Amino acid sequence: MRTLIVSDIHSNIVAFDAVLRDANARGPVDNIWSLGDMVGYGPHPNECLDTLRGFDHVSVAGNHDLGAIGAIYLGTFNEEAALACEWNGAQLTAENRAYLEDLPRVVKQGEFTLAHGSLRDPVWEYLIHEEAARASFDLLETPFLLVGHSHLPLIFEEIIAGPNSPSRVHAMGRLNHGSLIHLPKDLRLIINPGSVGQPRDRDHRAAYVMLDTDARTLTQFRVEYDMETAQKHFADAGLPPSLAERLAYGL
Numbered sequence: 027m028r029t030l031i032v033s034d035i036h037s038n039i040v041a042f043d044a045v046l047r048d049a050n051a052r053g054p055v056d057n058i059w060s061l062g063d064m065v066g067y068g069p070h071p072n073e074c075l076d077t078l079r080g081f082d083h084v085s086v087a088g089n090h091d092l093g094a095i096g097a098i099y100l101g102t103f104n105e106e107a108a109l110a111c112e113w114n115g116a117q118l119t120a121e122n123r124a125y126l127e128d129l130p131r132v133v134k135q136g137e138f139t140l141a142h143g144s145l146r147d148p149v150w151e152y153l154i155h156e157e158a159a160r161a162s163f164d165l166l167e168t169p170f171l172l173v174g175h176s177h178l179p180l181i182f183e184e185i186i187a188g189p190n191s192p193s194r195v196h197a198m199g200r201l202n203h204g205s206l207i208h209l210p211k212d213l214r215l216i217i218n219p220g221s222v223g224q225p226r227d228r229d230h231r232a233a234y235v236m237l238d239t240d241a242r243t244l245t246q247f248r249v250e251y252d253m254e255t256a257q258k259h260f261a262d263a264g265l266p267p268s269l270a271e272r273l274a275y276g277l
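Printed below as a string of structure tokens:
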């Protein structure tokens, strides 16, 4: 079974299409797991949701998904993000609005738990430090946790020193294109695949992870996409210019 794991698509259909083409070129994709924020920032919320919904998939809600449908207060967003959420919400079809309204905050899939932010706060917490990772490990009931939200491709491990010793959390660092993770049986991991539509690790390429359950591996990939076309779509929609400009810098 090959599962495509994506996060933070953010209404960037040009990047999402590039990810799908690249993933399919590497072998058949059996299903997709989305870690939230399918909409927000970008100009194509319906196209991204319709594409995702066309696959066998599982998804959780992100803060922008909830903001776009008015389920959380937009005053907690920065001004440009709030404007983009309002714009995205106004574009949604009735079917896609209902889809976002029904999304869970946390989902379990076999050995994996899926959340957008963390298990301590599935909507808002940025899981980028060892303290936040430890808090989620304490709540984790499966071997592996997949999160998004920070747009940073990161991995943490929990190491059990012994039966009478406390576990410790180690930040294993950033995932890069081609990073191969063998899923262990003796420790637990938290993995962030990075962002499809708004990378923020100074690499403008769209990010995703492929899970091979037979080989018990996760592999991270980065994909070039038509940046100029994506940026033109942002401008044509009248979205804040900085949201398009930052695509080129991965910030």
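Whatever position you read off the sequence shown (first residue = 1), add 26 for the working numbering. For every residue, glycine included, the Cβ atom is placed at its ideal position computed from N, Cα and C. Being a predicted model, the structure only gives us computed values, none of them experimental.
Item                                                                                                               : Value
LEU153 and ILE185 closer than 7 Å at C-beta                                                                        : no
Length-filtered (3 minimum) beta strand (DSSP E) runs lying within the stretch 146-217                             : 170-172, 180-185, 194-200, 206-208 and 214-217
Close beta carbons around PHE103, own chain, < 7 Å, minus the five adjacent residues each side                     : GLY93 and CYS111
CA-to-CA distance, LEU269 to ALA233, given in whole angstroms                                                      : 18 Å
Rounded Cβ spacing between HIS177 and GLY143 (contact assumed at less than 8 Å)                                    : Not confirmed; about 12 Å, so no contact.
THR29 classed as buried or exposed, judged by whether at least 16 other C-beta atoms fall within 10 angstroms      : buried
At least 3 beta-carbon pairs within less than 8 Å: the stretch 125-136 vs the stretch 157-164                      : no
Nonlocal neighbours in the same chain, by C-beta distance under 7 Å from PHE42, ignoring five residues either side : ILE35, CYS74, THR77, VAL222 and GLY223
Reduced DSSP secondary structure (H/G/I, E/B, other) of LEU109                                                     : helix
Assigned exposure category for GLY88 - 16 Cβ within 10 Å defines buried                                            : buried
Inter-residue Cα distance where the pair is PRO192 and ASP164                                                      : 12 Å
Anticipated Cβ contact below 8 Å, PRO225 with LEU109, distance rounded                                             : Wrong, their Cβ atoms sit about 21 Å apart, outside the cutoff.
Member of ILE31, ARG47, VAL32 and LEU145 whose CA lies at the smallest distance from the CA of TYR251              : ARG47
Buried/exposed call for ARG52, threshold 16 Cβ in 10 Å                                                             : exposed
Buried/exposed call for PHE81, threshold 16 Cβ in 10 Å                                                             : exposed
Beta-carbon proximity check, HIS70 vs SER37, cutoff 7 Å                                                            : yes
Beta-carbon proximity of ILE305 to MET198, cut-off 7 Å                                                             : In the structure as shown, the chain starts at 27 and stops at 277, and residue 305 therefore has no counterpart that could be examined.
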